[in-house]
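Q:
Numbering (the numbering used here), first residue to last: 22 to 299.
As structure tokens, this is what we get:
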């Protein structure tokens, strides 16, 4: 029997071995919830281009680091944009969706970001610390990340790389938004265990910090995770704006918060589908 429900292509890599996270569990559960209101088909990211024309909207979820299939992702992106396909997250993001060069731009513009440069001539702009983090502009999941001592920094190639001081922080905290609506926050009390997360009650100042980056990015349809660290001086500094396929850590939420989030995602998809319809 044909279904009158909107057709959702749900892009995920269920088998990706994400350290400290269970991609498959999260996506099976969220897709199952969306199935109440949509016809949902799960699809590996490398297959999305071949089948996306047959769906009303493509939802990119835990699809794994794009660095592993960069060419395939660029073809998918170009096809979606050229054909006017509805994609959630929409492909207008200026953050991790297009690489991490935005951290340099935000730093230069005076945003509260971990100091970041990508030019050897700018190394003097960074605070003097014992170690620096050198990571790829198009990296993810700590792939290609190295720690470099200060006396070795000048000899390190920065081609397609970023440099940041290694920050001594109290904890990392993440703020989760659907479209421009805040949903919940989680933090890792132990800096040595990024994915041992517990609920976090943000202050008004915390939310103002996070919203500043959501507003900067300007995504109308999608899920964003604003990752920050709390320094020993009490300041929040941006780590990254994950606007492509943020892991959501739904398993640590209480039932009411999770239900509200799932409702928000379903509502956001309905809004996207209505946009331009007729």
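Don't be surprised by glycine CBs; every beta carbon is placed ideally from N, CA and C.
1) Can you list, in chain order, the residues of its chain whose CB lies under 7 Å from that of residue 299, leaving out five sequence neighbours each side?
2) Compare the beta carbon distance of residue 218 and residue 270 with 8 Å and say whether it is the shorter of the two.
3) What does a CB cutoff of less than 7 Å around residue 123 pick up in its chain, not counting 5 residues either side in sequence?
4) Please confirm whether residue 134 and residue 265 have their CB atoms less than 8 Å apart.
5) Suppose you measure from the CA of residue 199 to the CA of residue 245; what does that come to, to the nearest Å?
6) Buried or exposed, going by whether 16 or more other CB atoms sit within 10 Å of the CB of residue 220?
7) Among the residues of its own chain, which have a CB less than 8 Å from the CB of residue 260, if the five just before and after it don't count?
8) Of the residues 140, 195, 202 and 189, which one's Cα is nearest the Cα of residue 183?
9) Run through DSSP, which three-state label would residue 133 get?
10) Report buried or exposed for residue 240, applying the criterion of at least 16 other Cβ atoms within 10 angstroms of its Cβ.
11) Under 8 Å by Cβ, that's how I've got residue 48 and residue 83 pegged, so tell me the actual separation to the nearest angstrom.
12) Can you tell me where the beta strand (DSSP E) holding residue 244 begins and where it ends?
13) Return helix, strand or coil for residue 263, following the three-state DSSP convention.
14) Do residue 79 and residue 106 have their C-beta atoms closer together than 8 Å?
15) Helix, strand or coil for residue 241 per DSSP?
16) Are the beta-carbon atoms of residue 187 and residue 154 separated by less than 8 Å?
17) Run through the DSSP bridge pairs and tell me what residue 103 is partnered with.
18) Take residue 22 and list the residues in its own chain whose beta-carbon comes closer than 8 Å to its own, dropping the five residues that flank it on each side.
19) Taking the alpha-carbon positions, what's the residue 121 to residue 158 distance?
20) Which residues share a DSSP beta bridge with residue 167?
21) For my contact list, residue 215 and residue 41 are in at a C-beta cut-off of 8 Å; report their separation, rounded to the angstrom.
22) Below 8 Å between beta carbons: does that hold for residue 59 and residue 38?
23) Select from 143, 89, 172 and 231 the residue whose C-alpha is nearest the C-alpha of residue 165.
24) Assuming residue 61 contacts residue 52 under a Cβ cut-off of 8 Å, what Cβ separation, rounded to an integer in Å, is found between them?
25) Mapping the DSSP letters down to three states, classify residue 109 as helix, strand or coil.
26) According to DSSP, is residue 209 part of a helix, a strand, or is it coil?
27) Measure from the alpha carbon of residue 35 to the alpha carbon of each residue in 54, 143, 63 and 29, then state which is nearest.
A: Taking the definition as stated:
1) What you label residue 299 is simply residue 278 of the chain shown in a count that begins at 1. Because residue 299 sits at a pLDDT of 38, beneath the cut-off of 50, its placement in the model cannot be relied upon, and the following sentence gives the value as read from the coordinates. If we look at residue 299 and ignore the five residues flanking it on each side, it has no Cβ neighbours.
2) Your numbering for residue 218 matches position 197 in the chain shown. Your numbering for residue 270 matches position 249 in the chain shown. For the pair residue 218 and residue 270, the CB atoms are nearer than the 8 Å cut-off.
3) On the chain shown, residue 123 is found 102 positions in, with the first residue counted as 1. 115 and 116, listed in sequence order.
4) Sequence index remark: in the chain shown, residue 134 carries index 113 (1-based). Sequence index remark: in the chain shown, residue 265 carries index 244 (1-based). No Cβ-Cβ contact shorter than 8 Å links residue 134 with residue 265.
5) Here residue 199 corresponds to residue number 178 of the chain shown, with the count starting at 1. Here residue 245 corresponds to residue number 224 of the chain shown, with the count starting at 1. Spanning the two alpha carbons is a distance of roughly 7 Å.
6) By 1-based counting over the chain shown, the position of residue 220 is 199. It is exposed - the Cβ of residue 220 has fewer than 16 other Cβ atoms within 10 Å.
7) Position 239 of the chain shown, counted from the start, is the residue given in the question as residue 260. Taking residue 260 as the centre and dropping the five residues before and after it, the same chain places the C-beta of 135, 193, 248, 249 and 250 closer than 8 Å to its C-beta, in chain order.
8) On the chain shown, position 162 is the one that residue 183 refers to. Out of 140, 195, 202 and 189, the CA that lies nearest to the CA of residue 183 is found in 140.
9) By 1-based counting over the chain shown, the position of residue 133 is 112. In the three-state scheme derived from DSSP, where H, G and I count as helix and E and B as strand, residue 133 is classed as coil.
10) Locating residue 240 in the chain shown gives position 219, where the first residue counts as 1. With 16 or more Cβ atoms within 10 Å of its Cβ, residue 240 is classed as buried.
11) If you number the chain shown from 1, residue 48 lands on position 27. If you number the chain shown from 1, residue 83 lands on position 62. The Cβ separation is near 5 Å, so the contact holds.
12) Here residue 244 is taken as the residue at index 223 of the chain shown, counted from 1. According to the DSSP assignment, residue 244 belongs to the beta strand (DSSP E) that extends over 244-252.
13) As a working note, residue 263 is residue 242 in the chain shown. Strand at residue 263.
14) Translated into the one-based positions of the chain shown, residue 79 becomes position 58. Translated into the one-based positions of the chain shown, residue 106 becomes position 85. Yes, they are a contact pair.
15) In the chain shown, counting from the first residue as 1, residue 241 sits at position 220. Look at residue 241 here: in three-state DSSP terms it is coil, with no helix or strand label.
16) What you label residue 187 is simply residue 166 of the chain shown in a count that begins at 1. What you label residue 154 is simply residue 133 of the chain shown in a count that begins at 1. Closer than 8 Å, so yes.
17) Numbered from 1 along the chain shown, position 82 holds the residue referred to as residue 103. Beta bridge pairing from DSSP links residue 103 with no other residue.
18) To locate residue 22, count along the chain shown from 1; it is residue 1. Since pLDDT at residue 22 reaches only 49, below the 50 mark, its modelled position is unreliable, and no value is offered.
19) Start at 1 with the first residue of the chain shown, and residue 121 comes out as number 100. Start at 1 with the first residue of the chain shown, and residue 158 comes out as number 137. Spanning the two alpha carbons is a distance of roughly 5 Å.
20) Position 146 of the chain shown holds residue 167. DSSP output for residue 167 lists 155 as bridge partner(s).
21) One-based indexing of the chain shown puts residue 215 at position 194. One-based indexing of the chain shown puts residue 41 at position 20. For residue 215 against residue 41, the beta-carbon gap comes to about 7 Å, under 8 Å, which counts as contact.
22) Taking the chain shown and counting its residues from 1, one reaches residue 59 at position 38. Taking the chain shown and counting its residues from 1, one reaches residue 38 at position 17. Going by C-beta atoms, residue 59 is not nearer than 8 Å to residue 38.
23) Working through the chain shown from its first residue, we reach residue 165 at position 144. Nearest option by C-alpha distance: 89.
24) For the purposes of this step, residue 61 is taken as the residue at position 40 of the chain shown. For the purposes of this step, residue 52 is taken as the residue at position 31 of the chain shown. So it is a contact: roughly 5 Å between Cβ atoms.
25) Stepping through the chain shown from its first residue, residue 109 is reached at position 88. Three-state DSSP puts residue 109 in a strand.
26) Taking the chain shown and counting its residues from 1, one reaches residue 209 at position 188. Of the three classes helix, strand and coil, the one that applies to residue 209 here is strand, per DSSP.
27) Translated into the one-based positions of the chain shown, residue 35 becomes position 14. For the set 54, 143, 63 and 29, the Cα lying nearest the Cα of residue 35 is the one of 63.
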